[in-house]
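There are 2 protein chains.
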Amino acid sequence: MQRTRAATTIRDVAREAGVSVSTVSRVLNDKDDVASDTYERVQAVIQQLSYTSSLAARSMRSHRTNVIGLIVPDVADSFSIQVMKGVNRAITDLDYDLIIYTSGSIKKRSAAERERHFVSLLNGSIADGVIIVTPAATRFSTAAPVVTIDPNTECPECLTIIATNHTGALAAMEYLVELGHRRIGFIGGRPDLQCADQRLQGYKDALRRTYITVDPDLIVAGDFSAETAQQCAQRLLSLPQRPTAIFAANDQSAIGAIEAARQAGLSVPGDLSVVGFDNIPEAAFFNPALTTVDQFIDRMGQVATEILVGLIQGERPESVLYKMPTQLVVRDSCRAVGGQ
Amino acid sequence: MQRTRAATTIRDVAREAGVSVSTVSRVLNDKDDVASDTYERVQAVIQQLSYTSSLAARSMRSHRTNVIGLIVPDVADSFSIQVMKGVNRAITDLDYDLIIYTSGSIKKRSAAERERHFVSLLNGSIADGVIIVTPAATRFSTAAPVVTIDPNTECPECLTIIATNHTGALAAMEYLVELGHRRIGFIGGRPDLQCADQRLQGYKDALRRTYITVDPDLIVAGDFSAETAQQCAQRLLSLPQRPTAIFAANDQSAIGAIEAARQAGLSVPGDLSVVGFDNIPEAAFFNPALTTVDQFIDRMGQVATEILVGLIQGERPESVLYKMPTQLVVRDSCRAVGGQ
DNA sequence: CTGTTAGCGCCTTCAC
DNA sequence: GTGAAGGCGCTAACAG
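Going down the list, the protein sequences come from chains A and B.
Just so we're aligned, residue 1 is where the first sequence starts under the numbering used here, counting upward by one.
Just so we're aligned, residue 1001 is where the second sequence starts under the numbering used here, counting upward by one.
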């Protein structure tokens, strides 16, 4: 591990190669005005000392690091993981490095505070730009570009990428209605999140379009967790006239709903149809395989990266709001009413 | 988003507060020799300008950033995710920041090269120490502490954390033998990885202990992926005398084996028992719920972090090799031989 | 082609 | 208790 030796600097390389520091710098940055034998010699010394220039020093001088930052609420949450996947793919193609920070679940500071903290920590210092996943804050004071994915509340000053939640919810509902369902329960997400609200609106609008009365008893507020959704579903299922289908605002909630159905002795999809939202990887493996609305989360990460890198390289954004398409994925968790 | 304004520096704060830069620096670093009213005033300006000191500049001077780096092969791989979870938990408690880098699946450079690249990029620059998950490289030239988790090959110069793979495999095999299985197939991991090898040795040793002959036909080499494991399992299941149980070197492989069994018209656990290794979160949800060896991956991340921070703060390591316990988790994917 | 010079933003003496 | 000066490792002018 060679812990003894202090970090090698550009000066060590210069001394060893018998040139000046600036020549080494030129070699490092592939400037073309270096004699080829000098170039070779310096490269050899760099190899030999296994020297890497200090990111800190480099960024301080040149204000360019080829690093982009990603701030996620929680590295273990599946939405974040999908985004990371997409970002990582794009980063690789674009020849950037990626740094990931976690903003969430911290006792001391709120998520919004931590987001701001990381943005200023990264921007103008270690990263050329930042992507923030489901930010709680709505404005960030920074000189470098910021792209947000699925912000909690509208974020008019930021470039944001968000799924067509309303359209996706419409598609899910239309499918259930086509299967003959008329009493359809809705398990919402956290009401303070715009994506949750858009899905709720989609639910309501779909019902209105088909002249089904919106029954407030059929709408319960979850929080995107399976546990809460399970309790919500219990309430829905013990209604005097229980729903024949449940549309959950995300897949976790759908899984909670299925668990509640099981506990109530109802089979899915036999006695209850369930649709989720997100299409997390587990959805396909779940039993029954979950019918859900895919929002191509990894694509959102990829697009965010491409846009961000564009901004870094000085392009003007075409728009401040990118809507990503959604698509209904039909699997085994729904069945036509009566069609046992 | 305030893109116009350039990043605020310590000088802006100093000017605004009517003090010198050094005084601001003192306030920033909580030195006690600042008059309380000066302190207040400077703090107010910092708030007002929402100033954050530049990580780059700070690290360059003080060689201390309170950031630790984590290098994972792939952010979307479940082993890495579990480690990230544990690291993140520990980081929070210890009041450090975390930076995550991805080393894997890059066309241009090998994983080992990328690991070295990131280590020197982070250490002695932006991070006070680094944790590397399943490193391919065995030595890193750096001045800052490095901790490795589950290195591919032995890494005598590094502080490493690794599960008791041999013992875990032993436990899994003893369980299968107790259930009456005598012909037990083994789907290995990549043979160049020490964890895979240790699990294979555990498999063999368990058989020897119970005086069961090790049949080379029952041992096939996978690569920790479900796809390859499926093919491996097909081969095992089409053996003249097919195994009644399969021990897979990780959960993904176990899932592949179950899929192969299903395609061959065999029920799990009715006709074939399957044990995995890892206990990834999906294992519990899988159908049938997977019996597996838990290696408490998140704990490994947590312990790695605690050890690393200890090293950063100047503690001497107690050992260079930390072995983390494993535990058999019995679920529904195994059954006694003949006990239909 | 290469060396010299001047900072980037910050922290750390050392004076006052 | 506070300011001024120097330098961390590096790059970007400017000389030669």
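Even for Gly, the Cβ is constructed at its ideal location relative to N, Cα and C.
From a predicted model like this one, the values you see are computed outputs, not experimental measurements.
query                                                                                                                                                                             : result
Could you pull the DSSP bridge partners for A/LYS31 from this structure?                                                                                                          : In the DSSP output, where bridge partners are listed per residue, A/LYS31 has none listed.
Under three-state DSSP, which class holds B/MET1001?                                                                                                                              : With a pLDDT of only 41 at B/MET1001, under 50, the local geometry of the prediction cannot be trusted, and the value read off the model is given with reservation. Reduced to three states, the DSSP call for B/MET1001 is coil.
In the DSSP assignment, what residue or residues form a beta bridge with B/ASP1077?                                                                                               : DSSP, once it has assigned bridges, lists no residue as partnering B/ASP1077.
Which class does A/ILE162 belong to by DSSP, given the choice of helix, strand or coil?                                                                                           : strand
Label A/TYR96 either buried or exposed according to how many other C-beta atoms from any shown protein chain fall within 10 Å of its C-beta, with 16 as the threshold for buried. : buried
Would you mind telling me which residues of chain B sit closer than 7 Å to A/PHE296, beta carbon to beta carbon, in chain order?                                                  : In chain order: nothing, as chain B lies at least about 15 Å away.
Keeping to the same chain, check which residues put their C-beta closer than 6 Å to that of B/PRO1135; ignore five residues upstream and five downstream.                         : GLU1115, THR1148 and PRO1151
Would you tell me roughly how many angstroms separate the C-alpha atoms of B/ASP1012 and B/ARG1041, rounded to the nearest one?                                                   : 14 Å
By the criterion of Cβ-Cβ separation under 9 Å, what are the contact partners of A/PHE285 in chain B?                                                                             : ILE1255, GLU1282, PHE1285, PHE1286 and ASN1287
State the CB to CB distance for the pair A/GLY188 and A/ILE219, rounded to an integer number of angstroms; the pair is presumed to be in contact (CB under 8 Å).                  : 7 Å
For a test of the three-state rule: what should DSSP assign to B/PHE1285, helix, strand or coil?                                                                                  : helix
Below 8 Å CB to CB, which residues in the same chain sit around B/SER1225 once its five sequence neighbours on both sides are set aside?                                          : GLN1252, SER1253 and GLY1256
Is it right to say A/LEU122 is buried, meaning 16 or more other beta carbons lie within 10 angstroms of its own, or is it exposed?                                                : buried
What is the DSSP secondary structure of B/ASP1271, counted as helix, strand or coil?                                                                                              : coil
Counting C-beta neighbours from all protein chains within 10 Å, is the total for A/PRO145 16 or more, i.e. buried, or is it exposed?                                              : buried
Give a yes or no on contact between the region 1010-1028 of chain B and the region 1067-1078 of chain B, applying the rule of three or more CB pairs nearer than 8 Å.             : no
Would you give the residue range spanned by the beta strand (DSSP E) that B/ASP1205 belongs to?                                                                                   : Per DSSP, B/ASP1205 belongs to no beta strand (DSSP E); it is in the alpha helix (DSSP H), 1194-1209.
In whole angstroms, what separates the C-alpha of A/ILE126 from that of B/ALA1056?                                                                                                : 6 Å
Does DSSP put A/PHE118 in a helix, a strand or coil?                                                                                                                              : helix
Using a Cβ-Cβ distance under 7 Å, would A/MET60 count as near chain B?                                                                                                            : yes
Tell me the rounded alpha-carbon separation between A/ALA229 and B/LEU1193.                                                                                                       : 42 Å
Is B/ILE1246 near B/VAL1214, with beta carbons less than 7 Å apart?                                                                                                               : no
Is it buried or exposed for A/ASP30, if we count other Cβ within 10 angstroms and need 16 for buried?                                                                             : exposed
Alpha carbon to alpha carbon, how far is B/THR1210 from A/ALA249?                                                                                                                 : 53 Å
Of the choices B/CYS1195, B/ALA1206 and B/ASP1074, whose alpha-carbon is the least far from that of B/THR1153?                                                                    : B/CYS1195
Check whether the Cβ of B/LYS1085 lies closer than 7 Å to any Cβ atom in chain A.                                                                                                 : yes
Do the CB positions of B/ILE1099 and A/ILE99 come within less than 7 Å of each other?                                                                                             : yes
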